[in-house]
Amino acid sequence: MSERAAPHYCPYCGDEDLRPSEEGHGTWECAACNRAFRLNFLGLLASGLRHRPPGGHGEEI
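Using my numbering, the letters of the sequence shown map in sequence onto residues 57 to 117.
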């Protein structure tokens, strides 16, 4: 197994100038907008994946 992938861009401003934060595992700092954020995996959904029918666009709301 490999380590988790790093984020490619800031979820707030979209800039790519990210650095790992000293706050701990999964925390990142954006130099462009001066924000810090944390990424963590919550788990798998109990319902699993919803498959679209061939040629379909999924369920309409």
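The beta carbon of each residue, even a glycine, is placed where N, CA and C say it ideally should be.
These numbers come from a predicted model, not from an experiment.
Give me the Cα-Cα distance between residue i and residue j, rounded to the nearest whole angstrom.
i	j	result
Asp73	Leu95	16 angstroms
Cys66	Cys86	6 angstroms
Leu100	Ala88	32 angstroms
Asn90	Ser103	37 angstroms
For residue i and residue j, which I take to be in contact (beta-carbon distance under 8 angstroms), what is that distance rounded to the nearest angstrom?
i	j	result
Trp84	Phe93	6 angstroms
Give the range of the beta strand (DSSP E) segment to which residue i is assigned.
i	result
Phe97	That residue, Phe97, is in no beta strand (DSSP E); it is neither H nor E in DSSP.
Pro110	Run containing Pro110: none; DSSP gives neither H nor E here.
Any idea which residues DSSP pairs residue i with across the strands?
i	result
Cys86	Leu74, Arg91
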